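Colleague: Mapping the sequence shown onto the UniProt record's numbering, position 272 (from 1) lands on 272, and the numbers just tick up by one. Beta carbons: idealized from backbone N, C-alpha and C, even for Gly. As the structure is a prediction and not an experimental result, all values here were calculated from the model.
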Amino acid sequence: MFSRQLLNNCRMLLKQPVIRDSIQNNTLRLIPVRYRSYTPINTVIMFVPQQEAWVVERMGKFHRILEPGLNVLIPIVDKVKYVQSLKEIAVDIPKQSAITSDNVTLNIDGVLYLRIVDAYLASYGVEDPEFAITQLAQTTMRSELGKISLDKVFRERENLNVSIVDSINKASEAWGMTCLRYEIRDIKLPPRVQEAMQMQVEAERKKRAAILESEGVREADINVAEGKRKSRILASEAERQEQINKAAGEAAAILAVAEARAGGLKLVAEALKKDLGPNAASLSIAEQYVNAFDKLAKTNNTLILPSNVGDVSNLVGQAMSIYSTISKTQDKNAYKKMDDRMISTHNDFAELFSDEEDKKKSKTLQNKTNVPFIK
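#1: Report the residue ranges of all alpha helix (DSSP H) runs contained in full by the UniProt domain "Band 7" (43-201); include only those spanning at least 4 residues, in chain order.
#2: Could you give the DSSP three-state label for Ile-41: helix, strand or coil?
#3: Cβ atoms of Ser-149 and Ser-101: under 8 Å apart, would you say?
#4: Give a yes or no on contact between the region 134-149 and the region 199-212, applying the rule of three or more CB pairs nearer than 8 Å.
#5: In whole angstroms, give me the CA-to-CA distance for Arg-205 and Ile-211.
#6: Just confirm the distance between the C-beta atoms of Arg-181 and Val-165, as a whole number of angstroms; I'd bet it's less than 8 Å.
#7: How big is the Cα-Cα spacing for Ser-231 and Val-268?
#8: With distance defined between alpha-carbon atoms, name the residue in Asp-92, Glu-57 and Ala-258 nearest to Asp-109.
#9: Whose CA, out of Pro-75, Ile-76 and Ser-85, lies closest to the CA of Val-55?
#10: Which term fits Asp-78, buried or exposed, when burial requires 16 or more other beta carbons within 10 angstroms of its beta carbon?
#11: Check whether the Cβ atoms of Lys-81 and Glu-57 lie closer than 8 Å to each other.
#12: Excluding sequence positions up to five away, which residues of its chain have a Cβ less than 8 Å from the Cβ of Ile-187?
#13: Give me the residue from Val-48, Leu-121 and Asn-71 with the minimum Cα distance to Ser-172.
Spelled out as structure tokens, the structure:
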């Protein structure tokens, strides 16, 4: 009972260990750390918590490491010298100044996440593990910042963290600790540099705004030009189609008028072949003659007329004479075409028979068909 109470009291004392805050000052603060400066008292039966490693020395020499759970020690001879925590722990890296490759001074701090991997090396490899790894992180961070420019500090922040972790792990391997990750927390710039960066950002934004505005104007002009081009194309196509339709309509109208006129002339020609046809034609010509003078009298026109303009019968006679002449010429041409067809038919019949008898038969056949022989 006494051993258990004493063990609990020791653990309460070890909950708030003390470490130095920074190298610049000697202020002290209480934070949970991996290394404990106070060790539990040997009570023969020891209960080691999970995720802890207790380093035991026998007569001042390393003996063994107690695993979590029940362990038995020899009083007076065995002593728990170090208690190492195997949990991941965050260590604050104090703010420090660093100079970049382009000679800009920065004030930067960070957070280091580490874990113990070898309790023996962590106990005997270094005197103060937290202080050692904090100093290592600071020097590594200054070294890595000196290799890059200010722009890359912000642009390649992740790569900078990885480089710092790799450099720390190479040096801390002999201490039995490993650095899991490093995160840059705050970066403070000089006021002038910050103002210059702000002006640069504003200039960049203005440039982007001007570019976007110009691109918008260009796109608008392109859209307007494209719209005008399509409008002109559609208008020209509509005009072309309109002209095609108009031409087709005019052609159809001309054809209809020509067909109607041809039909009318055909009817007139058939009417003129009748007995009273010439008289009707004379009457129609006389009426058209009188109507023409009626239209001319409606406007103020100066006309030169023949001397016999009042002799309607004479003019009608002249018109009918012209018509008779044209009719005779057409009849003569028709008879000539008929004679040509008869001669062609006669020659065709003559070629069918080569001897005299065949010729006689041909003449007999011609007489039967009433085909006259034209010389």
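Modeller: For this structure:
#1: DSSP runs (the alpha helix (DSSP H)) wholly in the UniProt domain "Band 7" (43-201): 119-124, 129-145, 150-155 and 157-172.
#2: Residue 41 sits at position 41 when you count from the first residue of the sequence shown. Ile-41 falls in the coil class under three-state DSSP.
#3: Translated into positions along the sequence shown, residue 101 becomes position 101. Translated into positions along the sequence shown, residue 149 becomes position 149. Ser-149 sits close to Ser-101, with the two beta carbons spaced by under 8 Å.
#4: Taking a contact to require three or more Cβ pairs closer than 8 Å, the region 134-149 and the region 199-212 do not qualify as touching.
#5: Within the sequence shown, numbered from 1, the residue matching residue 205 stands at position 205. Within the sequence shown, numbered from 1, the residue matching residue 211 stands at position 211. The alpha-carbon of Arg-205 is positioned some 10 Å away from that of Ile-211.
#6: Looking up residue 181 in the sequence shown gives position 181. Looking up residue 165 in the sequence shown gives position 165. Rounded to the nearest angstrom, the Cβ distance from Arg-181 to Val-165 is 6 Å, consistent with a contact under 8 Å.
#7: As a first step, residue 231 is located in the sequence shown; it is residue number 231 there, counting from the start. As a first step, residue 268 is located in the sequence shown; it is residue number 268 there, counting from the start. Distance between Ser-231 and Val-268, taken at the CA atoms: about 54 Å.
#8: To locate residue 109, count along the sequence shown from 1; it is residue 109. Checked all of Asp-92, Glu-57 and Ala-258; the closest Cα to Asp-109 is Asp-92.
#9: Counting from one through the sequence shown, the residue named residue 55 turns up at place 55. When only C-alpha atoms are compared, the closest one is Ser-85.
#10: Residue numbering aside, residue 78 sits at position 78 when the sequence shown is read from its first letter. So Asp-78 ends up on the buried side.
#11: Locating residue 81 in the sequence shown gives position 81, counting from the first residue. Locating residue 57 in the sequence shown gives position 57, counting from the first residue. For Lys-81 and Glu-57, yes; Cβs fall inside 8 Å.
#12: Stepping through the sequence shown from its first residue, residue 187 is reached at position 187. The answer, listed in chain order, is Leu-106, Asn-107, Ile-108, Val-153 and Phe-154.
#13: On the sequence shown, position 172 is the one that residue 172 refers to. Ranking Val-48, Leu-121 and Asn-71 by CA distance to the CA of Ser-172 puts Leu-121 first.
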